[in-house]
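Peer 1: Dropping a structure here in structure tokens format, bear with me for questions.
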Amino acid sequence: MRAVILAGGRGSRLAPYTTVLPKPLMPIGEVPIIEIVIRQLRYFGFKRITLAVGHLSELIDAYLKSRRDRFDGVEIDFAYESQPTGTAGALAGIPGLSETFLAMNGDILTDLDYGKLVEHHRSTGAMLTVAVARRQVKIDFGAVETDHEGWIRAYVEKPELSYCVSMGVYMYEPGSFEHGPRDGYLDFPELVHRLLARGQRVAAYVWDGYWLDIGRPEDLQTANDRFSSMRRELHID
Numbered sequence: 026m027r028a029v030i031l032a033g034g035r036g037s038r039l040a041p042y043t044t045v046l047p048k049p050l051m052p053i054g055e056v057p058i059i060e061i062v063i064r065q066l067r068y069f070g071f072k073r074i075t076l077a078v079g080h081l082s083e084l085i086d087a088y089l090k091s092r093r094d095r096f097d098g099v100e101i102d103f104a105y106e107s108q109p110t111g112t113a114g115a116l117a118g119i120p121g122l123s124e125t126f127l128a129m130n131g132d133i134l135t136d137l138d139y140g141k142l143v144e145h146h147r148s149t150g151a152m153l154t155v156a157v158a159r160r161q162v163k164i165d166f167g168a169v170e171t172d173h174e175g176w177i178r179a180y181v182e183k184p185e186l187s188y189c190v191s192m193g194v195y196m197y198e199p200g201s202f203e204h205g206p207r208d209g210y211l212d213f214p215e216l217v218h219r220l221l222a223r224g225q226r227v228a229a230y231v232w233d234g235y236w237l238d239i240g241r242p243e244d245l246q247t248a249n250d251r252f253s254s255m256r257r258e259l260h261i262d
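Be aware that the sequence shown starts at 26, since it is given in the numbering used here, and climbs by one per residue.
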């Protein structure tokens with residue numbers, strides 16, 4: 026199966042590090058994020074990996090070529106963006122995505138079982154499957170529920186709300202992009218809205234393991250703190 030790693034963002038929230046180094050090359054322990062992701066996908070049997078790149082792409086290309094021995098058995102190629110086209114638009118412009126494929130952000134640390142994700146997607150017959158993680162949000166105030174006339178109907182002191190949030194990992198059927206432009210800008214939420222509006226099935230796969238979106242300096246520190254104890258779960262040893 027083929028996977029596409031979205032690795033073209035500028036990583037502005039990780040500045041100033043990303044002014045000289047693209048976010049996929051940010052080190053977790055002694056290993057850049059992008060190498061961890063590729064080695065995980067290789068473990069789960071992905072034989073072809075396409076990197077959608079833009080910002081400082083030549084550094085990513087040079088690094089992966091220098092580490093080619095770590096990715097034995099995997100074909101790695103690149104799709105270059107001259108300008109940002111959105112999280113779904115970048116996929117719509119990649120040729121050859123004619124079969125079921127996985128797409129994911131290139132800046133996440135997770136012990137997700139990609140094999141189970143693929144099985145779930147196939148079993149549901151969905152056009153698109155989104156891997157999701159559970160998150161709780163604590164509200165530090167009393168929450169008031171009112172009706173349309175302004176009368177209070179309920180009062181909950183400091184409630185905790187539960188959500189399923191996107192992990193940035195998706196299973197696509199090629200028909201997904203029949204509902205969006207083949208060129209131009211298209212973000213993932215808009216693609217989901219278009220699919221739902223046309224009656225297409227969009228599934229969720231809930232993962233209760235570890236997941237961290239490495240978007241900020243404190244996330245990068247957290248990832249480094251956890252890395253040494255997670256190497257086996259990440260399938261990179």
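Idealized CB from N, CA, C, for every residue including glycine.
Three or more C-beta pairs closer than 8 Å, one from the segment 112-122 and one from the segment 59-72: is that the case here?
Peer 2: No, the segment 112-122 does not touch the segment 59-72.
Peer 1: What does the alpha-carbon distance come out to for the pair L81 and P47?
Peer 2: 6 Å
Peer 1: With H, G and I counted as helix, E and B as strand and the rest as coil, what does DSSP make of T110?
Peer 2: T110: coil per DSSP, three-state reduction.
Peer 1: Hey, A128 and Y197: beta-carbon distance below 8 Å or not?
Peer 2: Inclusion of A128 and Y197 in the CB contact set at 8 Å is warranted, their separation being smaller than that value.
Peer 1: Do Q161 and S187 have their C-beta atoms closer together than 8 Å?
Peer 2: The Cβ atoms of Q161 and S187 sit closer than 8 Å to each other.
Peer 1: Within 10 angstroms of the Cβ of H218, are there 16 or more other Cβ atoms? Answer buried if so, exposed if not.
Peer 2: exposed
Peer 1: Between R226 and C189, is the Cβ-Cβ spacing less than 8 Å?
Peer 2: no
Peer 1: Going along the chain, which unbroken runs of the alpha helix (DSSP H) with 4 or more residues stay wholly within the segment 161-241?
Peer 2: 213-222
Peer 1: List the residues that DSSP assigns as beta-bridge partners of E100.
Peer 2: R73
Peer 1: Name the residue from L216, A28, R251 and L84 whose alpha carbon lies nearest to the alpha carbon of L153.
Peer 2: With distances taken between Cα atoms, L153 lies closest to L216.
Peer 1: Less than 6 Å between C-beta atoms, sequence neighbours within five positions excluded: which residues of the same chain meet that for F252?
Peer 2: I53 and G54
Peer 1: Inspect the beta-carbon positions of K183 and I164 and report whether they are closer than 8 Å.
Peer 2: yes
Peer 1: Does the segment 69-77 touch the segment 99-112, meaning 3 or more C-beta pairs lie closer than 8 Å?
Peer 2: yes
Peer 1: Tell whether a beta-carbon distance below 8 Å holds between I261 and Q65.
Peer 2: yes
Peer 1: For V157, collect the residues of the same chain with a Cβ closer than 8 Å to its Cβ; drop the 5 residues on either side in sequence, then sort them by chain order.
Peer 2: C189, V190, S191, M192, A229, Y230, V231 and W232
Peer 1: Helix, strand or coil: which one does DSSP assign to A128?
Peer 2: In this structure, A128 counts as strand in the three-state DSSP scheme.
Peer 1: Short of 6 Å in beta carbon distance, which residues of its chain neighbour N130, apart from the five on each side in sequence? Order them along the chain.
Peer 2: L31 and G193
Peer 1: Are the Cβ atoms of L237 and L134 separated by less than 8 Å?
Peer 2: yes
Peer 1: Can you tell me where the alpha helix (DSSP H) with V143 in it begins and where it stops?
Peer 2: Y139 to T149
Peer 1: I'd like the span of the alpha helix (DSSP H) that includes L89, first residue to last.
Peer 2: Counting along the chain, the alpha helix (DSSP H) containing L89 begins and ends at S82 to S91.
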